[in-house]
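Worksheet: the structure to be examined is printed underneath.
Residue numbers (our numbering): 58 to 440.
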């Protein structure tokens, strides 16, 4: 039976790779702007909407995750994912594209995202952080595969046909692989009283986890949105080299998931949080003191690594702070912090620089947030 657990891990990785294609929107964006005759402000709307629906449906699915079999949820997600991509291929305006790409694809990812995490975490309870981290690696590393794939399709067959092909492919992938997912043992659905939202908000440890996760994702997503600008304008890196650096950063983003998942298993949640915020603080100080290309690469690798790290810390922390029976619903609520961080980070990354008018002030602000995070971990995260 343990072989079923390894199947869930490998299949979960592949499913995450497919769903992570939503992060390759920047590849589609120029084609969308040309085909729909829209500017950069409107062309970002489908992507932002997908992030919002991703977080929303993570929360909604968390409330019912224990009531349905994994294959049922993955089948539903596969159908929605297919509708999203195929519907997007026929969209003739940005609002239809937002409905299908943002609404349907975002919802599909939100429904499916928690399933491999839950299943793999149950199969490998003693190494939950590490094994879930390997599954999440697929989501983080997806753009390294999906971006070149999408780019090749776009060049060969255009936007509409590319979205159609991806829709059929990803729908079949989720539906077929999902049929073999199962829990290692039956889950009780009636004996455990679940925490209400009001009850969660009254618990300092939940508030602490939510805010620290929000800070971690906000910092990471803000830096991701500004990495190219920082490299070119602040660290004086040639523009034609930045694409290569972004690929390297994406690798470390993915590796942050199993790395910090393993740290949680070995050192505990609080120590993993301290390490993450300490690394972010160190990187911010480096960027304030030395605006050099080498320093930029080191610091930005650390920022991207830690965004991936928080996506492994948060589910592990939720499982350890609350009972495993309450994990699904509670993590769904916790994950809305990622949605908030994503919306703020994606929409305001440029605005932040306009307001601060200085990269050094940006990094000082990030350093301040990391110190606040350390304080909140110390005061609010208790086991």
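For glycine and all other residues, C-beta sits at the position ideal for the given N, C-alpha and C.
In the DSSP assignment, residue 302 falls within the alpha helix (DSSP H) that extends over 299-324. Across the set 171, 291 and 223, the C-alpha of 171 shows the shortest separation from the C-alpha of residue 235. Judged by their CB atoms, residue 81 and residue 169 are not nearer to each other than the 7 Å cut-off.
By alpha-carbon distance to residue 353, the top candidate from 362, 365 and 340 is 340.
The criterion of a C-beta distance shorter than 7 Å is not satisfied by residue 307 and residue 194. Fewer than three pairs of CB atoms, one per stretch, sit closer than 8 Å, so the stretch 368-378 makes no contact with the stretch 92-105. Beyond the five residues adjoining it in sequence on each side, residue 267 comes within less than 7 Å, by CB distance, of 391 and 394 in the same chain, given in chain order. In this structure residue 186 is in contact with residue 373, their Cβ atoms being roughly 4 Å apart against a cut-off of 8 Å.
The beta-carbon distance between residue 141 and residue 158, rounded to whole angstroms, is 6 Å. This is short enough to meet the 8 Å contact definition. For residue 175, the enclosing alpha helix (DSSP H) covers residues 163-180.
Ranked by how close their Cα comes to the Cα of residue 101, the residues 412, 60, 288 and 402 have 402 in first place. Excluding its 5 nearest sequence neighbours in each direction, residue 174 has C-beta neighbours in its own chain below 6 Å: 189 and 372, listed in chain order. Nearest neighbour of residue 181 by Cα position, chosen from 211, 225, 344 and 322, turns out to be 322. Residue 281 holds the alpha-carbon nearest to the alpha-carbon of residue 305 among 281, 325 and 327. Taking residue 326 as the centre and dropping the five residues before and after it, the same chain places the C-beta of 370, 373, 374, 377, 378, 438 and 440 closer than 8 Å to its C-beta, in chain order. Apart from sequence neighbours up to five positions away, the residues of its chain that approach residue 133 with a beta-carbon distance below 7 Å are 168, ordered along the chain. Sequence-distant partners of residue 348 (beyond 5 residues in either direction) whose C-beta falls short of 7 Å from its own C-beta, in its chain, are 291 and 292.
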